[in-house]
Structure formats: structure tokens, C-alpha cells
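Presented below is the structure to which this report refers.
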Amino acid sequence: MKLVIGLDGRSSGAKALEFAKSLAKRADDCELIVVYVIEWSPFSFQTAAENAERHKRREEEISIARERVVDPAVADLKAAGLNARAIVRHGDVADTIDSIAHSEGASQIIVARSSEGGLTSRIFGSSTASLVMNARVPVTVVA
């Protein structure tokens, strides 16, 4: 079994990790894939120099996300005796998490509820709501 855990860099992600950890401990063979997506639009009308700078910023953001968010999460899961790895990507959060889960053959996506902005966002979080409505594998939203 493979579980994808979507993190957002906030404390709510710890709830998703704990839930995934409890599921994985009950499974005979489970791989946990910790995913962090940096929101990034692929559309841009820039010069070659601006695109080169943008690429450099993307690489820096990936490095920071690994160092501050996903590597500590994976280390915690491995310390608990679980099989875990990380993926950091740029893109639309919901689409990217769904794509990763689908391509990895995941059984489930686990995310935490966010409470920022707007009615839908207050209920689920905009990326979470989109993921719940459109994902190709089951999604568990942890409160």
C-alpha cells in the first residue's frame, strides 16, 4: 500500500502525518510519500534572462521546502520504523498531488484541512476542496 501525504508547511500538516503514521503502522507493507507542492503558474511571458532567474528561484524554493518541511517529516516517519520518501514539485497543488498519487499507484491521499479565506476555504481549504472533488484516488481530510 502507498499513501501520499500532502503537506502545506503549516502545523496542520502534522495532523495529516500522524494520521498517515497510524494507518501505516497497522499495514503489513506501506510506503509513505510525503508531498509538498509550491504553487507556481507555468504561464509566463518573460525574457530569457527573467526565465533563467525564475528557474533559479524555483530550485531555491525546492531546496528550502525540502530542508524545512519534507525532510524533517520523512526523518520522523523513518524514526518510527516506517518506509517514507519525499517529493517536492512546483505547480497547482491539487492537480500535482493527484498526479503524483496516480502515477505512484497510491491507495489514498491524506491532507489536513486548512481554514484560510472564503467559505469553501474555511470548510476545507481551496486546494483541499479541489483535491477532494477531482482526485483519482480516495482522499482523507484530517481535521
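Sequential numbering of the sequence shown, starting at 3, is according to this note's numbering.
Just so you know, even glycine gets a beta-carbon here, dropped at the ideal spot from N, CA and C.
Here the structure is a predicted model, which is why all the values come from computation and not from measurement.
Reduced DSSP secondary structure (H/G/I, E/B, other) of residue i
i   : result
G15 : helix
T49 : coil
Residues near residue i by beta carbon distance below 6 Å, same chain, minus five either side
i    : result
S132 : A96
M150 : Only positions 3 to 145 of the chain appear in the structure, and residue 150 is not among them; the question remains open.
T98  : V39 and R91
Where the beta strand (DSSP E) containing residue i begins and where it ends
i    : result
A114 : Q110 to A114
R150 : The chain is shown from 3 up to 145; residue 150 falls before or after that span and cannot be answered.
V139 : From DSSP, V139 is part of no beta strand (DSSP E); its letter is neither H nor E.
A8   : One point to set straight first is that residue 8 is Gly, not Ala, in the sequence displayed. Segment K4 to L9, the beta strand (DSSP E) holding G8.
Element boundaries [alpha helix (DSSP H), containing residue i]
i    : result
A86  : Segment N85 to G93 is the beta strand (DSSP E) holding A86; no alpha helix (DSSP H) there.
V134 : S128 to N136
Same chain only: Cβ atoms within 8 Å of residue i, ignoring 5 sequence neighbours per side
i    : result
T142 : F21, Q110, I111, I112 and V113
A67  : G11, Y38, I40 and V90
Supposed contact pair residue j and residue i - C-beta distance, whole angstroms, cut 8 Å
i   : j    : result
V36 : A82  : In fact, because the Cβ distance is near 13 Å, the residues do not count as touching under 8 Å.
A75 : L9   : 6 Å
A18 : V144 : 5 Å
R59 : Q48  : The Cβ separation is near 12 Å, so there is no contact.
Residues of its chain near residue i, where Cβ-Cβ distance is below 7 Å and the 5 sequence neighbours each way are ignored
i   : result
K23 : L79, A82 and L84
Looking at C-beta atoms only, is the number of pairs between the segment 92-109 and the segment 126-143 that lie closer than 8 Å three or more?
-> yes
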